[in-house]
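Protein chains in written order, with the numbering used here: chain H, 1485 to 1554; chain R, -12 to 349.
Here the structure comes first, spelled out in structure tokens, and everything after it is commentary.
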Amino acid sequence: MPETIDCRGLACPEPVLLTRQALQEHSSGTLTILVSTAVARDNVTRAARSMGWSVESAETADGFSLTVKK
Amino acid sequence: MRDKLLIIAAGIITGLLAVILVWQGNPANMGFCIACFLRDVAGGLGLHRAAVVQYLRPEIMGLVLGAFIVALLSREFKPSGGSSPALRFILGMLMMAGALIFLGCPLRLILRLAGGDWNALVALPGYVFGIYIGTIFLKKGFSLGRSQPQPALNGLAAPFFSLFLLVLLFAAPAFIFFSEEGPGSMHAPAAIALIAGLLVGILAQRSRLCTMGAIRDLILFKDYQLFLGFAAIFVVVLLGNLLTGRFNPGFVDQPVAHTDGIWNFLGMTVVGLAATLAGGCPLRQLILSGEGNGDALITVLGAVTGAAFMHNFGLAASGSGVTPGGQWTVIIALVLLLIIGSANIRAAVRAKVSQDANVRAG
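Right, here's the structure in full:
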């Protein structure tokens, strides 16, 4: 079970801050990040990619689930 | 790359429309000013009786409706709310208070700068300083808490209220106030202003244009995407002003402005900090309202109420400067913002959620 960061309902830039914090704690691996808006999805994706992680996005019932890997 | 082009295009078109709106009758350096326009709406509804700033600015309704329509089409219309609404109302009030000391929201700050109003050059570092303080709170874990999905009608409140204001504007019943002199009497034809608002609403929704996010993301992440929009507005309006002979460099005799440097700086510090804690500048709050974000709508309503307080109590600045009451307002606003910032640093929100989040996400 990959570690999950729940950013649903949080306003920007909180999802990006939480994601960066989590990615800085890991040198590699897989994390799941849950967000509720397209803005948060785009911002988290951009932040993770800029840190060298790959991102896959899937729509969920209440937003998006991002799988972040390195 | 596509995102960067989109925000540059949004900035260019917003800048062009700002120049056109001034040419068509809006006050100088006020093609768009969300704070001024919300203040005028408050006056038009009679919530304050400052006779020179009363008009139901159709740009406001256009911005909300443009964002609403494009959010619906792009499936980004999401009724949500419940993230500290009472505090957001106060943040909206304080944001407006700071803006009415400087005499402009951050968008007008850019327009004033591009018109050669050097008072805005003093206010810009104040705005950046306010945002910088806000980023310290964010890094320490500041959060107003999670919003929740809401029933659909919540999300329709802002667009319906905008339609209601448009009906009042065009029907012009006797109980609506329209300035006969002063900035409130200067406006582009309503249809042009409405279309300009709609266009910027659409573009700002798609590009996430935000004058606070522009500077916040630079400070926090060295991410310049939103700043491209900020810069594009400035460049286009500067060129527009130069070409149409509206660039008048200097501190004195600037349109709808005063030369009180320290209060211009601190007024925008209030706006910058309040906008950072609220998660968006006044423009962004309007756009989010259109997307169904009830927390943003509460912030906008707080701003409208703040404008009424500022004018009813004689606190708003004018061309002749800032009143002693206005100066106290800035100081009280800064203290309140520091309290709101420090009281909402939550370790809990930072906590990672484990498996149960996965289950709920289903």
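Note that beta-carbon positions come from the ideal geometry of N, C-alpha and C, so glycine has one too.
Being a predicted model, the structure only gives us computed values, none of them experimental.
*Identify, in the order they occur along the chain, each residue of the same chain with its Cβ nearer than 8 Å to the Cβ of Thr246(R), setting aside the five sequence neighbours on each side.*
Asn106, Phe238, Val239, Gly308
*Do we get a CB-CB distance below 7 Å when we pair Arg133(R) with the residues of chain H?*
yes
*Just the Cα atoms here: how many angstroms apart are Ala295(R) and Phe164(R)?*
14 Å
*So which residues of chain H does Ser70(R) contact, with C-beta pairs closer than 9 Å?*
Gly1493, Leu1494, Ala1495
*Confirm, please, whether the CB-CB distance from Leu1515(H) to Val1552(H) is below 7 Å.*
yes
_So, with DSSP's three-state summary, where would you put Ser1520(H)?_
coil
_Simplified DSSP assignment, three categories, for Ala180(R)_ = helix
_Backbone CA spacing between Arg333(R) and Thr122(R) [nearest angstrom]_ = 15 Å
*Sorted by chain position, which residues of the same chain lie with C-beta nearer than 6 Å to Val291(R)'s C-beta, five sequence neighbours on each side aside?*
Leu25, Ala29
*Residues bridged to Asp27(R) by DSSP?*
According to DSSP, which records beta bridges pairwise, Asp27(R) is partnered with nothing at all.
*If you check the beta carbons only, do Ser70(R) and Gly132(R) fall under 7 Å apart?*
yes
*Report the partner residues of Leu1515(H) according to the DSSP bridge assignment.*
Glu1487(H), Val1552(H)
_DSSP has Gln241(R) in a bridge; who is on the other side?_
According to DSSP, Gln241(R) bridges with nothing at all.
*asked:* For a cutoff of 7 Å on Cβ pairs, would you count Arg195(R) as touching chain H?
replied: yes
_Short Cβ contact (7 Å threshold) for Ala330(R) with Leu78(R)_ = no
*Any chain H beta carbon closer than 7 Å to Glu168(R)*: no
*Using a Cβ-Cβ distance under 7 Å, would Ala1524(H) count as near chain R?*
no
*Output yes or no for whether 7 Å exceeds the beta carbon distance between Val223(R) and Leu3(R).*
yes
*asked:* Any heavy atom of the ligand FMN inside 6 Å of the beta-carbon of His174(R)?
replied: Although the ligand FMN was asked about, the structure shown includes no ligands whatsoever.
_My output table needs one value for Val1539(H): the three-state DSSP class, helix, strand or coil._
strand
*Could you please give the first and the last residue of the uninterrupted alpha helix (DSSP H) stretch that includes Lys127(R)?*
Note, Lys127(R): premise wrong, no alpha helix (DSSP H); not H, not E.
*Just the chain R side, please: which residues come within less than 8 Å of Arg1501(H) by C-beta, in chain order?*
Note on residue identity: the sequence assigns Leu, not Arg, to residue 1501(H). Correct list: Leu125, Lys126, Leu207.
*asked:* Quick test of the definition: if touching needs 3 or more C-beta pairs under 8 Å, does the segment 93 to 103 of chain R touch the segment 312 to 326 of chain R?
replied: no
*Would you verify that the beta carbon of Ala344(R) is, or is not, closer than 7 Å to some beta carbon of chain H?*
In this predicted model, Ala344(R) has a pLDDT of only 43, less than 50, meaning its place in the structure is not dependable enough to derive any value.
*How about Pro72(R) and Ala139(R): are their beta carbons less than 7 Å apart?*
no
_Which residues in chain R have a C-beta closer than 8 Å to the C-beta of Thr1551(H)? List them in chain order._
The contacting residues do not exist; Thr1551(H) stays about 11 Å from chain R at best.
*asked:* Please tell me whether Glu1498(H) has its Cβ less than 7 Å away from any Cβ of chain R.
replied: yes
*Straight-line Cα distance separating Ser1520(H) from Thr1544(H)*: 9 Å
*Residues of chain H with a CB under 8 Å from the CB of Arg203(R): which are they?*
Pro1497
*Does the segment 255 to 265 of chain R touch the segment 42 to 49 of chain R, meaning 3 or more C-beta pairs lie closer than 8 Å?*
no
*Classify Gly113(R) as helix, strand or coil using the three-state DSSP reduction.*
helix
*How is Ser307(R) classed by DSSP in three states: helix, strand or coil?*
coil
*Where in the segment 135 to 179 of chain R do unbroken runs of the alpha helix (DSSP H), each at least 4 residues long, occur, reported from the N-terminal end onward?*
139 to 158
*Exposed or buried, His298(R), counting other C-beta atoms within 10 Å across all chains shown (16 or more means buried)?*
buried
*Quick one: grab the DSSP three-state call for Asp104(R).*
strand
*Run through DSSP, which three-state label would Asn228(R) get?*
helix
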